[in-house]
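All residue numbers for the sequence shown refer to the numbering used here, where the first residue is 2 and numbers rise by one. First comes the structure, then the notes that go with it.
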Amino acid sequence: MNNNFEQVNCAVCGADNTEKICERGQFGLPTHVVICKDCGLSYLNPRWDKGRYIHFYEKEYDKYYRPNVQKNTERAGINYYQPVYERLDKSGLLPENIQQVLDIGSGDGNNLEYLMEKISDADYYAIEPSEECRKTLTSMGVKMLGTDIDIDFHEKFEGFFDVIIMRHVLEHFANPVSAMQKVRAILKDDGIAYIAVPNNLKFGNSKLLDNWFRVVHTYYFNVHSLRNVFRKAGIKTLLMEEGDKYNQRELFVIVKKGKVEEVDVKSENYTIQKDIFDKKLKGEKTLINKLKRRIKYDILQAFKTKK
Ligand SMILES: [Zn+2]
2 MNNNFEQVNC AVCGADNTEK ICERGQFGLP THVVICKDCG LSYLNPRWDK GRYIHFYEKE
62 YDKYYRPNVQ KNTERAGINY YQPVYERLDK SGLLPENIQQ VLDIGSGDGN NLEYLMEKIS
122 DADYYAIEPS EECRKTLTSM GVKMLGTDID IDFHEKFEGF FDVIIMRHVL EHFANPVSAM
182 QKVRAILKDD GIAYIAVPNN LKFGNSKLLD NWFRVVHTYY FNVHSLRNVF RKAGIKTLLM
242 EEGDKYNQRE LFVIVKKGKV EEVDVKSENY TIQKDIFDKK LKGEKTLINK LKRRIKYDIL
302 QAFKTKK
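Right under this line is the structure:
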């Protein structure tokens with residue numbers, strides 16, 4: 002599979018005015034992280050083109066990120082949807098009568114089971130690219146809407162969903178604004194969406210170059226840039242929190258339909274993100290760390306090509 006790249010402008014302000022942060026990320030894969038100097042949105046540019054990403058999600062993602070799906074062995078003990086439900090429940094923002102739930106980027110369905118237990122009267126729908134995971138979801142009675150947020154599924158489901166879950170998926174999309182516009186269209190007027198993304202102002206001890214920056218993460222949100230995405234897409238923020246007892250490095254929000262608003266474009270938002278990345282990368286970009294990574298990725302590559 003060829004690595005084809007495409008150039009993209011800032012999804013929030015439309016500018017092409019960026020500061021380069023790095024060229025490689027986790028697994029040594031090409032990960033050109035930049036920050037928009039105008040509005041502070043951080044994203045990949047250039048990035049793999051759509052065809053390359055589709056191939057990766059359908060055929061390669063599980064190998065890197067869900068080895069258990071492939072081996073069909075015991076699943077990991079962590080249930081990622083427990084915090085989703087507990088946070089929703091605690092917020093008091095769940096609609097009273099929940100009939101239709103959509104989970105975007107469900108994975109293997111292991112986590113969705115938890116939600117299906119807690120909200121048991123609803124019909125469940127999913128969008129999921131992985132072939133293996135789609136089989137599991139279908140066997141659980143989850144209806145598949147499609148493989149990708151970018152396909153046209155939304156016209157048939159306008160104003161249909163009471164609850165939409167997007168747990169660590171928005172940072173994977175080609176365009177978060179158009180994804181949220183679709184979410185807006187398919188939500189009921191009193192429906193809500195739960196969205197969680199990695200928080201790029203609070204990544205704790207995570208190594209940026211070895212772990213945090215990933216070819217699959219096309220966007221790197223923080224409170225400021227995420228609000229801008231919502232403003233542009235006509236999404237109203239009901240709750241936004243930076244970490245809790247379940248996860249300190251996660252930014253999670255509960256939103257509903259709102260009005261399109263002017264985005265907040267100021268260079269201060271760029272400086273905030275840039276300073277935090279720079280501070281962390283100073284330690285990671287030393288010569289010895291560069292060499293260590295080089296050796297690690299050479300071994301990994303040799304292993305992947307052998308398979
Ligand atoms: Zn921008």
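Beta carbons: idealized from backbone N, C-alpha and C, even for Gly.
Item, Value
"CA-to-CA distance, Ile277 to Ile166, given in whole angstroms", "29 Å"
"Local conformation of Ile296 per DSSP, three classes", "helix"
"Closer than 6 Å: residues whose CB approaches a heavy atom of ligand 1", "Cys11, Val13, Cys14, Ala16, Cys37, Asp39, Cys40 and Leu42"
"Those residues which DSSP pairs with Lys144 across a bridge", "Tyr126"
"contact_flag[the region 149-156, the region 201-215] where n(CB pairs < 8 Å) is 3 or more", "no"
"Residue ranges of each beta strand (DSSP E) within the region 195-269, 3 or longer", "236-243 and 251-258"
"Among Asn201, Glu159 and Leu116, nearest to Leu95 - alpha-carbon criterion", "Leu116"
"Reduced DSSP secondary structure (H/G/I, E/B, other) of Lys136", "helix"
"Environment of Asn111 [buried if 16+ CB atoms lie within 10 Å]", "buried"
"Beta-carbon proximity of Asn18 to Asp50, cut-off 7 Å", "no"
"Per-residue DSSP class, three states only, for Gly29", "helix"
"Cβ pair Arg48, Thr219 closer than 7 Å", "yes"
"In chain order, each alpha helix (DSSP H) run of at least 4 residues that lies wholly inside the region 166-197", "177-187"
"Segments assigned alpha helix (DSSP H), at least 4 residues, entirely inside the region 35-118", "51-56, 62-66, 68-72 and 82-92"
"Cα-Cα separation, Thr74 to Asp149", "Confidence is the limiting factor: at Thr74 the pLDDT is only 39, short of 50, which leaves the residue's position unreliable and the question unanswerable from this model."
"Same chain only: Cβ atoms within 7 Å of Ile36, ignoring 5 sequence neighbours per side", "Thr19, Glu20, Ile22, Ser43, Tyr271, Gln274 and Lys275"
"Rounded C-alpha distance that separates Thr287 from Tyr126", "47 Å"
"Among Phe222, Asp245 and Ile255, the one whose alpha carbon lies nearest that of Thr238", "Ile255"
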